[in-house]
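Here is the structure we will look at.
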Amino acid sequence: MKLKKFVGMTIATLFMFGAANVQADQLRVGVEGAYPPFSWKEADGTLMGFDIDFAHEVCKRLNKECVLVEQEWDGMIPALLAKKFDTIIASMSITEERKKKVDFTIKYYNTPAKLVAKKNPGFEGTAAGLKGKRLGVQRATTHQCSAEKLYPGAELVLYATQEEVFQDLASGRLDAQLSDSLQAQEGFLGLDAGSDFAFLGSGIDDVECQGVGAGFAVRKEDSALRDALSQAIKDIRSDGTYKVMNNKYFPVDIYGAD
Amino acid sequence: MASPSDRTFWEYLTHISENQSPLDFVLVIDHIDKFFYGAIVTLEITALSLLIGGILSIPLAIARAYKHPLFNRPIWCYTYFFRGTPLLVQTYLIYYGLAQFDFVKESFLWDPILSKAWWCAVIVFSLNTAAYTAEFLRGAIENTPRGEIEAARACGMSHKRVMFRIILPSTFRRALPAYSNEVIFMLHSSVVLSTITIQDILGVGRWLNGRYYLAYEGFITAMMFYMILVFIISRGFRLWEHYWLAHLRPRTNQHA
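Just so you know, the protein sequences line up as chains A and B, in that order. Start counting the first sequence at 1; every next residue gets the next number (the numbering used here). Start counting the second sequence at 259; every next residue gets the next number (the numbering used here).
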């Protein structure tokens with residue numbers, strides 16, 4: 001009898017949590033928190049960065065309360081599909097492969113991907129140059145896709161977070177790494193740890209893997225939300241708010257070509 | 259898949275797999291070879307660590323069981339440390355932690371060993387399993403029946419001979435069931451490998467999930483691989499016990 005009551009209460013509690021999660025005046029945003037300067041976590045747990053600012057600004061324009069949900073990168077799309085949150089604002093590139101699973105808004109920024117290696121590494125950033133070299137990328141990124149396609153001879157090393165990639169590049173376990181050039185500049189090359197390193201070659205040309213810039217992802221059935229978010233991005237770009245947020249983090253405009 | 263009709267059937271399967279099945283099994287089958295490579299990596303590192311750790315644990319267990327005046331305390335500290343902290347933390351400490359120090363990176367050990375995730379894993383796993391194995395071997399040594407030792411002494415065997423002929427064989431036999439658990443735990447713990455860039459079974463599963471943005475195909479396939487491996491290992495140990503512990507089985511088809 002007691003057990004039955006307990007089980008019943010537990011189930012009721014679970015339902016209550018389930019119900020609390022789908023309030024209409026909330027926008028639950030999936031963010032990463034390990035990708036400075038786009039998103040990172042302060043020691044006290046506060047989330048900061050360009051993506052986070054963008055999320056708050058968008059919520060404000062949609063008149064919704066922002067609920068930031070942290071999610072490991074390689075589970076980001078599955079978590080969106082499992083309705084743990086309603087949109088992803090985490091520097092996610094708009095690619096054909098991802099479009100099979102989710103829908104995207106218009107882009108909110110676009111920066112090229114580049115290789116990073118030791119200064120004067122003694123090899124070139126080409127398929128031939130990277131043959132047999134240890135090349136690090138973050139798992140489940142556009143860079144994993146590009147690395148597999150463009151440098152088939154390289155020994156690919158996969159990491160859960162971009163921070164770990166830089167850690168192993170700095171310690172010498174990797175010969176090179178491929179990632180977003182802006183993030184690499186701000187999150188590694190501009191810091192003490194990255195002072196011996198530099199970009200290897202210019203931005204890679206691979207629209208198939210890299211997509212057409214970063215956008216917010218939503219579930220395919222949420223087209224109304226997608227359009228509202230796209231409109232918010234347009235407004236933010238056109239009324240000058242974008243410039244303020246951009247300049248807080250970056251010396252150049254990261255929106256790319258219009 | 260040579261004839262056209264076969265190909266149509268395969269396309270039909272692919273269609274079902276992608277659109278209707280909750281699990282995209284065709285995608286898994288397409289990449290199953292990677293899972294087998296992952297299984298080899300998992301088994302290779304687990305087996306090598308168990309071997310090194312097993313050999314290491316024997317002298318440690320003896321020193322602990324006989325309370326060696328010099329080594330007993332340090333070995334206790336060692337086993338307490340490795341049994342008292344999570345394997346994941348130990349692995350991070352060696353892999354990411356050591357790499358922070360320049361003197362480590364400049365040492366002769368860096369290039370051939372410490373810069374390689376594979377060796378870091380083998381070192382940590384060996385030390386970890388040695389700690390667990392040493393403690394239950396110690397228990398088994400201490401529980402050796404007094405009579406067996408007295409009988410051996412009465413036959414005129416030296417201490418050394420008693421150890422190698424009586425105590426250790428008897429200890430290994432009695433510790434075997436506990437050791438099969440340690441082997442299975444070690445296999446399960448080996449998933450830590452995927453967090454330090456090694457493509458073990460789980461690593462391949464995470465790669466598959468990441469490559470195609472899936473939620474659980476990679477995990478379920480990895481799970482099945484682990485289940486099959488555990489099945490084979492526990493079967494193997496059952497046979498081994500059958501053979502080694504034959505004298506402890508009740509007689510069935512003979513009258514006493």
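No residue lacks a Cβ here, since even glycine has one placed at the ideal position from N, Cα and C.
Euclidean distance between Cα positions of residue i and residue j
i	j	result
Asn21 of chain A	Val67 of chain A	The predicted position of Asn21 of chain A is uncertain, since its pLDDT is 48 and thus under 50; a value taken from the coordinates is nonetheless stated next. Straight-line Cα distance between these residues: approximately 10 angstroms.
Ala297 of chain B	Ile88 of chain A	34 angstroms
Thr391 of chain B	Arg341 of chain B	10 angstroms
Phe329 of chain B	Ile316 of chain B	13 angstroms
Arg419 of chain B	Ile425 of chain B	9 angstroms
Gly33 of chain A	Ile456 of chain B	24 angstroms
Ile77 of chain A	Ile204 of chain A	25 angstroms
Leu346 of chain B	Cys413 of chain B	49 angstroms
Val299 of chain B	Ile352 of chain B	19 angstroms
Lys118 of chain A	Asp369 of chain B	17 angstroms
Ser39 of chain A	Pro152 of chain A	31 angstroms
Phe197 of chain A	Thr337 of chain B	41 angstroms
Gln144 of chain A	Gly129 of chain A	18 angstroms
Ile486 of chain B	Leu81 of chain A	30 angstroms
Pro435 of chain B	Glu499 of chain B	7 angstroms
Gly187 of chain A	Asp44 of chain A	20 angstroms
Asp192 of chain A	Val165 of chain A	16 angstroms
Ala19 of chain A	Glu221 of chain A	The predicted position of Ala19 of chain A is uncertain, since its pLDDT is 45 and thus under 50; no value can be drawn from it.
Gly194 of chain A	Tyr295 of chain B	34 angstroms
Ile459 of chain B	Leu281 of chain B	18 angstroms
Gln231 of chain A	Tyr471 of chain B	27 angstroms
Arg404 of chain B	Ala323 of chain B	14 angstroms
Tyr501 of chain B	Leu372 of chain B	40 angstroms
Opening and closing residue of the beta strand (DSSP E) in which residue i lies
i	result
Glu208 of chain A	Counting along the chain, Glu208 of chain A falls outside any beta strand (DSSP E), though it belongs to the alpha helix (DSSP H) covering Val207 to Gln210.
Phe197 of chain A	Phe197 to Leu200
Ser91 of chain A	Thr87 to Ser93
Gln144 of chain A	Premise fails: Gln144 of chain A lies in the alpha helix (DSSP H), Thr142 to Leu150, not in any beta strand (DSSP E).
Gly30 of chain A	Gln26 to Val31
Glu72 of chain A	Premise fails: Glu72 of chain A is in no beta strand (DSSP E) and is neither H nor E.
Tyr159 of chain A	Glu155 to Tyr159
Gly275 of chain A	No statement about residue 275 of chain A is possible, as the shown extent of chain A runs from 1 to 258 and does not include it.
Beta-carbon gap between residue i and residue j smaller than 8 angstroms
i	j	result
Asp180 of chain A	Gly136 of chain A	no
Phe489 of chain B	Ser438 of chain B	no
Asn110 of chain A	Ala214 of chain A	yes
Gly211 of chain A	Thr105 of chain A	no
Thr453 of chain B	Ser428 of chain B	no
Arg139 of chain A	Arg464 of chain B	yes
Glu155 of chain A	Gly190 of chain A	no
Asp74 of chain A	Ala160 of chain A	yes
Ala433 of chain B	Leu395 of chain B	yes
Glu65 of chain A	Thr241 of chain A	no
Ile399 of chain B	Leu445 of chain B	no
Phe383 of chain B	Ile313 of chain B	no
Thr349 of chain B	Ala379 of chain B	yes
Ile483 of chain B	Phe339 of chain B	The sequence given here places Phe at residue 483 of chain B; Ile does not occur at that position. No. Outside cutoff.
Ala410 of chain B	Arg423 of chain B	yes
Leu308 of chain B	Val462 of chain B	no
Range covered by the alpha helix (DSSP H) that runs through residue i
i	result
Gly215 of chain A	Unbroken run through Gly215 of chain A is the beta strand (DSSP E), Ala214 to Val218; no alpha helix (DSSP H).
Tyr347 of chain B	Checking the displayed sequence, the identity of residue 347 of chain B turns out to be Val instead of Tyr. Note, Val347 of chain B: alpha helix (DSSP H), Leu345 to Tyr350.
Tyr108 of chain A	Careful: Tyr108 of chain A lies outside any alpha helix (DSSP H), inside the beta strand (DSSP E) at Asp103 to Tyr109.
Met444 of chain B	Leu426 to Ser447
Val450 of chain B	Where Val450 of chain B is concerned, there is no enclosing alpha helix (DSSP H), given that its DSSP letter is neither H nor E.
Lys363 of chain B	Asp360 to Glu364
Asp53 of chain A	Phe50 to Arg61
Amino acids of chain E, ordered along the chain, whose beta-carbon sits closer than 9 angstroms to that of residue i
i	result
Asn467 of chain B	Here the protein chains are A and B, and chain E is not one of them.
Chain B residues whose Cβ lies nearer than 7 angstroms to that of residue i
i	result
Val157 of chain A	Thr455
Ala113 of chain A	Correct list: empty, because the minimum Cβ distance to chain B is about 17 angstroms.
Arg98 of chain A	Tyr471
Neighbouring residues, chain A, relative to residue i (Cβ below 8 angstroms)
i	result
Ser373 of chain B	Ser171, Gly172 and Arg173
Leu472 of chain B	Pro78
Chain B contact residues for residue i, given Cβ-Cβ distances below 9 angstroms
i	result
Gln144 of chain A	Trp465, Gly468 and Arg469
Gln167 of chain A	Tyr354, Ala357 and Gln358
Arg226 of chain A	What Arg226 of chain A touches in chain B: nothing, since even the nearest Cβ is about 18 angstroms away.
Chain-ordered chain A contacts of residue i [CB-CB under 9 angstroms]
i	result
Lys363 of chain B	Ser171 and Gly172
Chain-ordered neighbours of residue i on chain B, where CB pairs are closer than 8 angstroms
i	result
Lys101 of chain A	Tyr471
Ala82 of chain A	Ala473
Ala34 of chain A	What Ala34 of chain A touches in chain B: nothing, since even the nearest Cβ is about 14 angstroms away.
Ala147 of chain A	The contacting residues do not exist; Ala147 of chain A stays about 11 angstroms from chain B at best.
Ala90 of chain A	Within 8 angstroms Cβ-Cβ: nothing; Ala90 of chain A doesn't reach chain B, min ~13 angstroms.
* Mind the definition here: the stretch 343-362 of chain B touches the stretch 284-298 of chain B only if three or more C-beta pairs lie below 8 angstroms; say whether that holds. => no
* To do: Could you tell me whether the stretch 170-179 of chain A touches the stretch 115-129 of chain A, where touching means 3 or more Cβ pairs closer than 8 angstroms?
  => These segments touch.
* **Inter-stretch contact at 8 angstroms, needing at least 3 Cβ pairs: the stretch 79-97 of chain A / the stretch 27-45 of chain A** => yes
* Three or more C-beta pairs closer than 8 angstroms, one from the stretch 242-250 of chain A and one from the stretch 49-66 of chain A: is that the case here? -> yes
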